[in-house]
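A short write-up of the structure that comes next.
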Amino acid sequence: MDSDGTQDARGTHANPVPRPARPPQVPPRPTEAPGMPPRPDGSAFLTWLRAPRPEAAPGVWRFGHRPRPEEEPENIPGRQLISGAVIAFLVGWLIWSLLQNGYLGGWWWVPLFLITPDSWRGDNSDLGPTGTTFLYYGYEVLVALIIMVVVGKLGRWGEVWRRFIAPHLRRPQRQESVPTPTDDPAQWPALRAAGAVDAAERLAAEAHSGLMRDVDHARIVRAWQGVRTGRHTLAAFTGAVLKDGAAACLHPSGERDLPARLARHDLVTGQVRLGTTADDPRNPYAYRGAGLGLGPELLGTSLLAVGPAGSGKTGTVVRPLAESLCLHALAGRAAVVVVGAAGAELGPADAYDVVVRIGNPESVYDLDLYGGTSDPDEAAAVLAEALVGDLADPHPGSDGRRSTTVLAQLLGPFRAVHGRFPSVPELRQLLDGAPGPLDALRTALQGSGQESLLRELDARERQLGQPGDVAAVLADRVALLDRPAFAGFFDTSGQSKPFSLKALDHPVRVRIDLPERGHADASRMLARLVLAQFTASVAVREDRSLFACLVLDDATGVVTPEAVRGVQRLRSGNAGVVLTLRTLDDVPRPLRGPLLGSTGCRMALSGLTPWDGQDFAEVWGKEWTEARDVTDRQIIAETPAGKAVHMLRRVITGKAPTARAVTVRQVERERWSASELAHGVPPGHAVLSLTTVKGEHAPPLLVDLRG
Numbered sequence: 001m002d003s004d005g006t007q008d009a010r011g012t013h014a015n016p017v018p019r020p021a022r023p024p025q026v027p028p029r030p031t032e033a034p035g036m037p038p039r040p041d042g043s044a045f046l047t048w049l050r051a052p053r054p055e056a057a058p059g060v061w062r063f064g065h066r067p068r069p070e071e072e073p074e075n076i077p078g079r080q081l082i083s084g085a086v087i088a089f090l091v092g093w094l095i096w097s098l099l100q101n102g103y104l105g106g107w108w109w110v111p112l113f114l115i116t117p118d119s120w121r122g123d124n125s126d127l128g129p130t131g132t133t134f135l136y137y138g139y140e141v142l143v144a145l146i147i148m149v150v151v152g153k154l155g156r157w158g159e160v161w162r163r164f165i166a167p168h169l170r171r172p173q174r175q176e177s178v179p180t181p182t183d184d185p186a187q188w189p190a191l192r193a194a195g196a197v198d199a200a201e202r203l204a205a206e207a208h209s210g211l212m213r214d215v216d217h218a219r220i221v222r223a224w225q226g227v228r229t230g231r232h233t234l235a236a237f238t239g240a241v242l243k244d245g246a247a248a249c250l251h252p253s254g255e256r257d258l259p260a261r262l263a264r265h266d267l268v269t270g271q272v273r274l275g276t277t278a279d280d281p282r283n284p285y286a287y288r289g290a291g292l293g294l295g296p297e298l299l300g301t302s303l304l305a306v307g308p309a310g311s312g313k314t315g316t317v318v319r320p321l322a323e324s325l326c327l328h329a330l331a332g333r334a335a336v337v338v339v340g341a342a343g344a345e346l347g348p349a350d351a352y353d354v355v356v357r358i359g360n361p362e363s364v365y366d367l368d369l370y371g372g373t374s375d376p377d378e379a380a381a382v383l384a385e386a387l388v389g390d391l392a393d394p395h396p397g398s399d400g401r402r403s404t405t406v407l408a409q410l411l412g413p414f415r416a417v418h419g420r421f422p423s424v425p426e427l428r429q430l431l432d433g434a435p436g437p438l439d440a441l442r443t444a445l446q447g448s449g450q451e452s453l454l455r456e457l458d459a460r461e462r463q464l465g466q467p468g469d470v471a472a473v474l475a476d477r478v479a480l481l482d483r484p485a486f487a488g489f490f491d492t493s494g495q496s497k498p499f500s501l502k503a504l505d506h507p508v509r510v511r512i513d514l515p516e517r518g519h520a521d522a523s524r525m526l527a528r529l530v531l532a533q534f535t536a537s538v539a540v541r542e543d544r545s546l547f548a549c550l551v552l553d554d555a556t557g558v559v560t561p562e563a564v565r566g567v568q569r570l571r572s573g574n575a576g577v578v579l580t581l582r583t584l585d586d587v588p589r590p591l592r593g594p595l596l597g598s599t600g601c602r603m604a605l606s607g608l609t610p611w612d613g614q615d616f617a618e619v620w621g622k623e624w625t626e627a628r629d630v631t632d633r634q635i636i637a638e639t640p641a642g643k644a645v646h647m648l649r650r651v652i653t654g655k656a657p658t659a660r661a662v663t664v665r666q667v668e669r670e671r672w673s674a675s676e677l678a679h680g681v682p683p684g685h686a687v688l689s690l691t692t693v694k695g696e697h698a699p700p701l702l703v704d705l706r707g
């Protein structure tokens, strides 16, 4: 129970995460502003925890969000608003003066005469002098109020009050009183309702004393969810909390936070803030000025970000998302694999449990070439996707089925003989068809009596050198990994610590550095391998309550037909991918539409090319909008007096008198055109559309990623 099912997070097949658990570090007390009385310990955390988080549209940063109307209110210029209010007041005053002075006759007394009896009027009124006076004055006040309401409505006095007067009369709002235990999240009402009062008291004390952090809160909430779903018992949960307090249910690494944070995170909602939605007419009014927050409910539909080098893909998109997913992993909510070039700003190594530096002799971990599987057919399918999945021409070398068959014909017999899969040099020799390795393999199989595997090997030997044999293409691709720089990697003899994506059943944090410098083709092949292993592994996970995400900092050469199909299946497995591209030209033309269609979140950063913008414009579609056509028609005077007035007006204004005609019609236009995406997105901005795993949509939004 100490890890809420997060125990045994493996960076290898059998070895645990290498860093041992350390004693929990007590966070420092929040600093106070000069001259302010000291706040009680934990007040900053309690303020954060109790902050409002109203329900909002997809992508809206919910922490402290104030909802806005769906439609933009009529925005009247201030001068016009004040002048209209003054004119309305003067008109009302004029009408009242005319009534009081009798210029409009006595007709305005008719309603009073119709609703009151004659005995109430005159010198001999039944009401007496005082009652009669009150009746007449009361009627005058009623008429005055009616006039005031009418002219106030016409003059928009209410809008004048709200815009110019009310803001100056508002007083600073006092801090709300401390909530009761039934609605205060810091008092853990769910635990109290379930009978775990002692655990709730311990956690509340830790929160008030400043010993609890946002990751601790999220991790314990995750552990409590495990109790409610039956994965753990209430007694085990209570015992862990009473023993360790806010440090209960620790991640196997023993970490309670990341070494450093660059982005703003809210682990109550699971969001990370990427920027601010621009106050632009093209954005829906409800989104303008709101923060942009992404969480697993959006990443579960996958994200594709396209922008040229220097547009901010890594710094403003990939790094915050990777940081957020690592925090979720510490809370026991997610498993994350971040893949990028060596030296990319993807966070410090201490923020990850496993760091695989391919091509670096100092790397502690290796990468399992076969994905941790013991099934030769599964290993062959994943490896074939990595080796030849990017070949666009439909020649035999790009046939995935044939490549899978060839690999399976060799991997099955080799594993049956040696109890492991072949290393890179051994696999290259087998694919080359060297007689020595094949004869040795045949001899070993004959001694073991495995006739079915002998038939596989016989079929492989018959196909050697035949037209349509893909073994030569596969051997050439494997040769990219059979280089001196990779001599210590992809070992299958058990001498290294290979990382396998089978570990995604646990909240593990993994970073894989690819050797792009000097080994670009090998790096792209390895990226395809990781993506293929990821899509294959998440489909067979036992615990799908753990969100799994793969972040590919550069997906150039990674997108294949099988990869697109794999991305489409991730949503049902509570998993997603984040892909970045410099241009859609890095994706084969037939796959661009399916790729954009398979990702629910699409981002076009500034500097996009028009042809890339055209693909985004097509996938975002069109919408009905109101078009206003304004035409000015010159007025022709017919009379001499009219001509004189027009001449005088032309002398004064310098323009001929015209009459303006406005035509309003509904037209269907692209939400964002290719030209707007290429030339209308400011630097540091992006256009982003969102889709949640529940199917909710957000239209393309112009977002300032620097906010």
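Per UniProt numbering, the very first residue in the sequence shown carries number 1; after that it's consecutive. Even glycine gets a Cβ: it sits at the ideal position worked out from N, Cα and C. Remember, predicted model here, so these are calculated numbers, not experimental data.
Check, Outcome
"Can you tell me where the beta strand (DSSP E) holding S265 begins and where it ends?", "According to the sequence provided, residue 265 is His. The question's Ser does not apply to it. From DSSP, the beta strand (DSSP E) with H265 extends over 264 to 266."
"Checking the sheet assignment: what are the DSSP bridge partners for M603?", "A305, L688"
"Helix, strand or coil for T609 per DSSP?", "coil"
"Quick one: what does DSSP say V587 is sitting in, helix, strand or coil?", "coil"
"Rounded to whole angstroms, how far is the Cβ of P58 from the Cβ of L274, which I believe are closer than 8 Å?", "13 Å between Cβ atoms; not a contact."
"Using three-state DSSP, classify K694 as helix, strand or coil.", "coil"
"Could you tell me if A656 is buried or exposed, where buried requires 16 or more neighbouring beta carbons within 10 angstroms of its beta carbon?", "exposed"
"Does the beta-carbon of T692 have 16 or more other beta-carbons within 10 angstroms, so that it is buried, or is it exposed?", "buried"
"Can we say the segment 236 to 254 touches the segment 216 to 223, given the rule of at least three CB pairs closer than 8 Å?", "yes"
"Hey, how far is the Cα of L427 from the Cα of S689?", "44 Å"
"Going by the CB atoms, is the gap between L474 and S403 shorter than 8 Å?", "yes"
"Within its chain, find whatever has a CB closer than 8 Å to the CB of S423; leave out the 5 residues flanking it on each side and keep chain order.", "F490, D491, T492, S493"
"Would you check if the distance between the CB atom of V215 and the CB atom of L294 is smaller than 8 Å?", "no"
"Considering only residues of the segment 38 to 115, which uninterrupted alpha helix (DSSP H) runs meet the minimum length of 4 residues and lie entirely inside it, listed in chain order?", "43 to 50, 78 to 101, 110 to 115"
"Mapping DSSP to helix, strand and coil, what is R633?", "strand"
"Which same chain residues end up closer than 6 Å to T583 when comparing Cβ atoms and leaving out the 5 residues on each side of it in sequence?", "D612"
"Could you check if Q634 is buried or exposed, using at least 16 other CB atoms within 10 Å of its CB as the buried criterion?", "exposed"
"Please confirm whether L552 and A522 have their CB atoms less than 8 Å apart.", "no"
"I need the DSSP call for P167, collapsed to helix, strand or coil.", "helix"
"Alpha carbon to alpha carbon, how far is E456 from V339? Give it in angstroms, no decimals.", "36 Å"
"Just to confirm the assignment, what range does the alpha helix (DSSP H) spanning G400 have?", "400 to 418"
"Below 6 Å CB to CB, which residues in the same chain sit around R541 once its five sequence neighbours on both sides are set aside?", "D505"
"Judging by CA-CA distance, which residue of P52, P73, V150 is the nearest neighbour of W96?", "V150"
"If you check the beta carbons only, do F45 and T269 fall under 8 Å apart?", "no"
"Here's the rule: buried if 16 or more other CB atoms are within 10 angstroms of the residue's CB, otherwise exposed. What is T130?", "exposed"
"Would you kindly work out how many angstroms separate the C-alpha atoms of E71 and F134, rounded to a whole number?", "47 Å"
"When the Cα atoms are used, what is the spatial distance from G566 to T301?", "12 Å"
"Which partner residues does G291 have in the DSSP bridge list?", "T276"
"Could I get the ranges of all uninterrupted beta strand (DSSP E) runs contained in the segment 548 to 596, with 3 residues as the minimum, in chain order?", "575 to 581"
"For D632, I'd like the list of residues in its chain whose CB is within less than 7 Å of its CB, leaving aside the five on either flank, ordered along the chain.", "T658, R660"
"May I have the straight-line CA-CA distance separating V564 from L591, to the nearest angstrom?", "8 Å"
"If the criterion is Cβ atoms closer than 8 Å, does the pair P185 and L49 meet it?", "yes"
"How big is the Cα-Cα spacing for G436 and D377?", "24 Å"
"I'd like to confirm the pairing. Which residues does DSSP put opposite A661 in its beta bridges?", "T631"
"Going by C-alpha distance, which of V508, Q495, A380 is nearest L431?", "A380"
"Exposed or buried, N574, counting other C-beta atoms within 10 Å across all chains shown (16 or more means buried)?", "buried"
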